[in-house]
Structures are given as C-alpha cells and as structure tokens.
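Participant: Handing you this structure, nothing more for now.
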Amino acid sequence: MNPVVWVPADAAAVSVGADDVAAALEAAGATLRRNGSRGMLWLEPLVELETDDGRVGYANVEPGDVDALLGGALDDTARCVGVVDDHPWLAGQHRVSFARVGVIEPTDLAAYRADGGLAGLERALTLDPAEVVREVTDSGLRGRGGAGFPAGIKWETVRTAQADTKFVCCNADEGDSGTFADRMLIEGDPFTLVEGMTIAAIATGATEGFVYLRSEYPHAIRTLRRAIDVAYAHGVLGASVLGSGRRFDLDVRVGAGAYICGEETSMLESLEGRRGEVRAKPPIPALEGLFGRPTVVNNVLTLSAVPMVLADGGAAYAALGTGRSRGTQVFQLAGNVARGGVVEADFGISLRELVEGYGGGTASGRPVKAVQVGGPLGAYLPPSRFDLPMDYEAFAEAGAMVGHGGVVVFDDSMDAGAMARFAMEFCAKESCGKCTPCRIGSTRGVEVIDRIRAGTQRESNLVLLEDLCVTMTKGSLCAMGGLTPMPVRSALEHWPEDFGVEPAVADAATDAMSESATSTTGGARP
Amino acid sequence: MRALAEGMAPMRGPLLPALQAVVEQHGFVHDDDVPVVADVLNLSRADVLGVLTFYHDLRRTPPTAHRVTLCRAEACQARGAEATVAAAVDRWAGSTDVEVGEVFCLGNCALGPSGMLDGALHGRLTPDRLDALTEGWPA
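Going line by line, the protein sequences match chains B and E.
Following our numbering, the numbering of the first sequence begins with 6 at its first residue and continues without gaps.
Following our numbering, the numbering of the second sequence begins with 164 at its first residue and continues without gaps.
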C-alpha cells in the first residue's frame, strides 16, 4: 500500500515550498492529502506521514528530503517531531475554533460532518430564532475583530428589526500585521465559517450573506469559494438549508487593497461598490447596515465560534475564559519569534507564556525588546509588562488592547522611534480621508516625530505631539485615527531614548497624554 | 469591456467587482473604460473614478512584465523586511520590466519577510533568497 502523506496547502506553508514538496511526494508514489496548517509555522513545510501510531510529522521538509522521509531515514533525526497530535506545543493548547484546522481536508464535507461539523446548525434549526440568539448571548461570545462587542446583543438587535431583507456579513479583511488566524481558519476549515454564518442567518432572519475577504489572501479566496460550492451542492446553503425550507445565500466579495475596509462601516460601503469611506454611527449597522438593511457584521473568528456554541450550548462555552472575556482566543505569534504560529488558549493566559513559553523568544536569538499586541493600532509593550493577562479588560486598563490577538515580537535592534513614525505614516497612507484628525493628523504626526527625533525644538514638539494624539483619539470617526496614537504613545513612554528624549521629559508628556486620552473611540478594527 | 461590465450588472453593488474583472482580464483600467462602465452600471463617471482612485489594487497603468510586492508591515519589519525592500528597490531602480511595490500584510507574519513574486507568495524572503527566486529576471 502506498504511504499516505499530508502536506499543508496553507499559504504560509506554500510560501516556504509546500507545493514543491507535495509534487515530489506524489512523484515518489505517496498518496497525497492536503490539509490546512497545524499552526506550528516555524516547522513548515510540516509533512505528516500516516502510521499505526498516528500522523507522524517531519519538519522543514524540502523536495530533496522526500526519499529519506519515505524511507525512514529521517525518523531518528531532530527533523522528526513525532506524532503531531501529541506535540507539546499543540497539546498544551485548547483548540476550539481551530480544532479541525490542519487535521482534515478543508473542503471535505463528509470529514467535517464526521468530526462534529453541522451539529450546531442542525440544533439551531430545531430552535426558535430567539432561543438561538439566547444561546449566543449566554455563551458570552464577544466580537473577535478587536472591539469585543457581545455578539448576542448585536444579533438580537438584528433579529427584532423589521425589514424586507436582512444580511449577514463576515469581516475577513484581516489587514492587521501580525494576524493571520482568519486566513488560516478559512484555508483550513472553511465549513466552520459557512456554518456559523448560516446559524447567524437562521437566528436573525437574514437570507443573504457576504464574506468580505481581502485580495492579499488568494489561497483563502480559492478555498472558501470551493467550500461554498460544495455547501450549495449538499444543500447546506441555498433555498432550503438542510431541508428546513429556510433560504440562505452566501457569496464571497474580494477586497481591493484598502486596509480601512476592515472597519465595519467602511467594509459595508465597499460591499455596496463604493469608496471604502467610514460611515458615522449611529445609525448602527445592526439597524441600517448593508444597503440600509439590518445587518449582522462579525469577524471570521466570532462566526466560527458559533457552531460550537450551538452544538454544546452557550453554558459550555461560557465555562471557558476569565472575567468578562469568555471562551478561547486565537493568539498569533509573529514577527521576530523563534516559534511563530497559532496558539488557541482560554483568555487569561499571560503575555509571558505566549512570548517566552510558546514563542521561545526571538528568532534572531537576541533579547526581546518589545511586543506589539493587537495589530498596527495596538500598544508596544516591554518585557516588564509581560505578566499582563490576555483579556479585554486587563489590556484596556493597561492602555493597550488585545484586538484580534496578534502578538508581534521585536528584538533589541528595534528602533521604537522609527516604529512610532511608521504608525503615523501607515495611518497617512491608509486613512480613508473622511475625517480631518486622521487624514491630516497622521501626516502632521510624521513631521512632528521627525522633528523630535532630529532634536528640533524637542520640548515644544513633544507638547505638540501630545496635543495631536489627543485630537486624533477624541476627534476621529473610527478606530484608525482614534487608535494610531496608541503605538505612538506607548513607544514614547517605554523607549524615550529612541526619540532622543530624556526619560523624565517623556514621562511628563506621556502622563499628560494618558490622562487626556484614556477614552478611545471604541468601534471595530481597525 | 461593455460585456464584462454587463455581466456584473445584476449583482448587488456591482462596481467594485466590475472594475476588478477589468483589471483581471486586461491588467489595468484604461481611462477610456470609465465612461463605458459608468454607462452600463447607470452610474456617473465621477462615481466610477472615485472608486477607481480609492483602491490600491485597481491599476490605471499597464502592468510590467514582472512584479515584486514586498510586505512592509510591522511583523515583517521585525524580521528585517526593510533590507529586502532596499535591495529590491536598488536592483530594479529605473527598470521598465520589473515593478517593485509595497503591501501591508500578506498574512504570513510568522515566516517573514514576505512578498509576492508575480502573484506567488514567498516567505523568509532575505535579499539572497529574493535574488535566487528571481534569477534570470530582467534588470
């Protein structure tokens, strides 16, 4: 019998040669299966060979290794990581949303069903819509896109709204640097998202759905489109969802390279075919969303948690996590990190466990200088803050945010002043231009930081930067302009020397800043 | 062009998919396409131009033979992306065959620096690996 090998088709694995390895294995006579990635990205391409003991993994496989791998010559080397399910990096995690990612073939509906898939949707179809929403409310599930808004409350607003048409929109415009969980879930287990969106539609009375997926993710676009075709062919989507007589149509819309379209109202504008300019709220999208109709807008990970909530009940989900942050969060370790990838854990895990435990420090071997949590609009934190538990409230209290769960690690060669400047530069490039504090403030921010770093009237420019940060925080329409000061302020607070500033002077400036800028605009990512 | 836009017209919010289809088929959106798309979708030319100028993906000039698009976002910067960007910009300065562009995040943040070479995603993209992968490309 031919050996059966699993080679990830995940974009990250492909980016380091997985397709070439797959072709070589097939040419060598192996039976090839393509899975998503297990999320141990430093091991990619991670090839798994089926054995009587389970699927045994081989790390960093190149096409030239294929004969040695199939012949057993790699078994006693460090390249063999043993049975992948038992790998300590994975075994310590609590995989709920990512339970199937990397395990099954992504668009194999039978495998999905055999692994517990569709149980949530089947149960939802036996309940009243109000009961479905109550399960989600009871679960404590909060939006995973960044803002952390309770999903059940949003759904209830849409459910009770009166309209001829309602929509469910999935925000898969995962533009934050250091985040890739949405992409990996869509590439590794797309039916979970399809099922979650269908449950959202059943619960709220929506009949049409869109996934807004960024163009930078071509592999995810292909996989999701294929999964939706399969779902239609098997009656999971369409005129009668699982024979219930209830309609739900789902389509993929591809973004066009605008970061701001990850902000929910900007995404709705883009879905309507317009410039992705942010809308003022109210009205909230739950009442007047896509084409002015009541619309559920949730992130990929929020919707993907829903099938489990319905299958096992809201109480089971609420039993996970800490405080008001219920369930699990999918953290992503990125940047200069030795063991980068996906860590799904209960809320409350410390930053240190993530960065030093799972991450193993920097890839360069140099000391960690900083991590940026929550994407380009998140705070830079030094190792002295690594005992912070990862939950929404603890992070907000510390003047930081969990956001979408991305953790980007920097070694001691990082220039915090340059990163602060970059935050303003990025905002200037990607601002939608609708409101002045964001559009103009970011450009002025680059100039002011340049003057501080050059030593030009440093003290008065620090005051000016403080003033600008307050204006952007309080005066911007959405989180893009509203949160750009967060990385800037935190960089100046912790590494004033990178701005050429004496610590005492910086302290006075950042104290004044944090006093006047504690209230952020809230809102969704970005 | 007209047929392409007509194919999208029945969709909800057809303008962005229509312009994306034009870029996919013809490589870019020519200025002469604007009134055609506007006419088919019953929009003003200003509506079409507004959308066309908002999104980075919607090219208005013919594409070059090769494209290098490198990620300059934080996670890739943490792994030395700026050195790869500088090497690429330097190597193809003034080239009419190779366009070097920037992108902010390709979702490959644990295996950076990342980039797209003629649309294919690559990770661990040091200047040396970039040179190896683009061997034989015109200057």
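Using N, Cα and C, we set each Cβ at its ideal position, and we do this for glycine too.
Show which residues of chain B have a CB atom less than 7 Å away from the CB atom of P177(E).
Facilitator: What P177(E) touches in chain B: G278.
Participant: Find the residues of chain B that neighbour G213(E), judging by a C-beta separation of less than 7 Å, and give them in chain order.
Facilitator: Per Cβ cutoff of 7 Å: R280.
Participant: Between the region 374 to 404 of chain B and chain E, which residues of the former have CB atoms less than 8 Å from a CB of the latter, in chain order?
Facilitator: Taking 8 Å as the Cβ-Cβ cut-off against chain E, the residues of the region 374 to 404 of chain B that qualify are Q377 and P381.
Participant: Listed in chain order, which residues of the region 16 to 39 of chain B have Cβ atoms closer than 7 Å to some Cβ of chain E?
Facilitator: Here the close residues are A16, A17, V19, S20 and V21.
Participant: Quick one: residues in its chain with C-beta nearer than 7 Å to the C-beta of M419(B), no 5 flanking neighbours on either side, listed in chain order?
Facilitator: Here the set comprises K374 and A375.
Participant: When we look at the beta-carbon of I158(B) and count the other beta-carbons within 10 Å, is it buried (16 or more) or exposed?
Facilitator: With fewer than 16 other Cβ atoms within 10 Å, it is exposed.
Participant: What's the C-alpha gap between R227(B) and G370(B)?
Facilitator: Taking the straight line from one Cα to the other gives about 37 Å.
Participant: Evaluate M6(B) with the Cβ neighbour count: other Cβ atoms within 10 Å of its Cβ, from every protein chain shown; 16 or more gives buried, anything less gives exposed.
Facilitator: So M6(B) counts as exposed.
Participant: At a Cβ threshold of 8 Å, is S207(E) touching chain B?
Facilitator: No, S207(E) does not count as interfacial toward chain B.
Participant: What are the boundary residues of the beta strand (DSSP E) that D291(E) is part of?
Facilitator: Not the beta strand (DSSP E): D291(E) falls in the alpha helix (DSSP H), residues P290 to L296.
Participant: Are the beta-carbon atoms of E306(E) and V203(E) separated by less than 8 Å?
Facilitator: No answer is possible for residue 306(E): it lies beyond the span of chain E, which begins at 164 and ends at 302.
Participant: Checking contacts by CB at 8 Å: is G262(B) closer than that to chain E?
Facilitator: Interface residue, yes.
Participant: Judging by CA-CA distance, which residue of D351(B), V86(B), F336(B) and M313(B) is the nearest neighbour of T327(B)?
Facilitator: When only C-alpha atoms are compared, the closest one is D351(B).
Participant: CA-CA distance, A238(E) and C483(B)?
Facilitator: So the two alpha carbons sit approximately 24 Å from each other.
Participant: Does H219(E) come out as helix, strand or coil in the three-state DSSP assignment?
Facilitator: Here H219(E) sits in coil by DSSP.
Participant: V532(B): which of A27(B), L393(B), T367(B) and G362(B) sits nearest, CA to CA?
Facilitator: Because chain B here runs from 6 to 531, residue 532(B) falls outside it and cannot be looked at.
Participant: Please state if the CB of G248(B) and the CB of F196(B) are separated by a distance shorter than 8 Å.
Facilitator: No.
Participant: By the 10 Å Cβ neighbour count, where 16 or more other Cβ atoms means buried, how is F534(B) classified, buried or exposed?
Facilitator: Because chain B here runs from 6 to 531, residue 534(B) falls outside it and cannot be looked at.
Participant: For a cutoff of 8 Å on Cβ pairs, would you count H219(E) as touching chain B?
Facilitator: Judged by the 8 Å Cβ criterion, H219(E) is in contact with chain B.
Participant: Got a sec, what are the start and stop residues for the alpha helix (DSSP H) Y397(B) sits in?
Facilitator: Counting along the chain, the alpha helix (DSSP H) containing Y397(B) begins and ends at Y397 to E402.
Participant: Tell me, please, which residues DSSP counts as bridged to T333(B).
Facilitator: Its beta-bridge partners are D351(B).
Participant: When the Cα of G183(B) is compared with those of V263(E), P301(E), F267(E) and A172(E), which residue comes out closest?
Facilitator: Out of V263(E), P301(E), F267(E) and A172(E), F267(E) has the C-alpha closest to the C-alpha of G183(B).
Participant: Scan the region 333 to 346 of chain B for residues whose Cβ lies nearer than 9 Å to a Cβ of chain E and list them as they occur along the chain.
Facilitator: Hits within the stretch, in order: Q337, L338, A339, G340, N341, V342, R344, G345 and G346.
Participant: Quick one: which chain E residues come within Cβ less than 7 Å of D351(B)?
Facilitator: In chain order: nothing, as chain E lies at least about 22 Å away.
Participant: From the DSSP secondary-structure annotation, give me the bridge partner or partners of C174(B).
Facilitator: BP columns for C174(B) point to F215(B) and V302(B).
Participant: From the DSSP output, which residues share a beta bridge with W11(B)?
Facilitator: Its beta-bridge partners are R38(B) and E53(B).
Participant: Taking only beta-carbon atoms, is Y237(B) less than 8 Å away from chain E?
Facilitator: It does not; no Cβ of chain E falls within 8 Å.
Participant: What are the boundary residues of the alpha helix (DSSP H) that V475(B) is part of?
Facilitator: Unbroken alpha helix (DSSP H) run through V475(B): R463 to G480.
Participant: So is the beta-carbon of V451(B) under 7 Å away from any non-hydrogen atom of the ligand SAM?
Facilitator: Only the bare structure without any ligand can be found here, which leaves the ligand SAM out of the picture.
Participant: What is the C-beta distance between G62(B) and G87(B), in whole angstroms, given that I count them as a contact (C-beta under 8 Å)?
Facilitator: Indeed, because the Cβ distance is near 7 Å, the residues count as touching under 8 Å.
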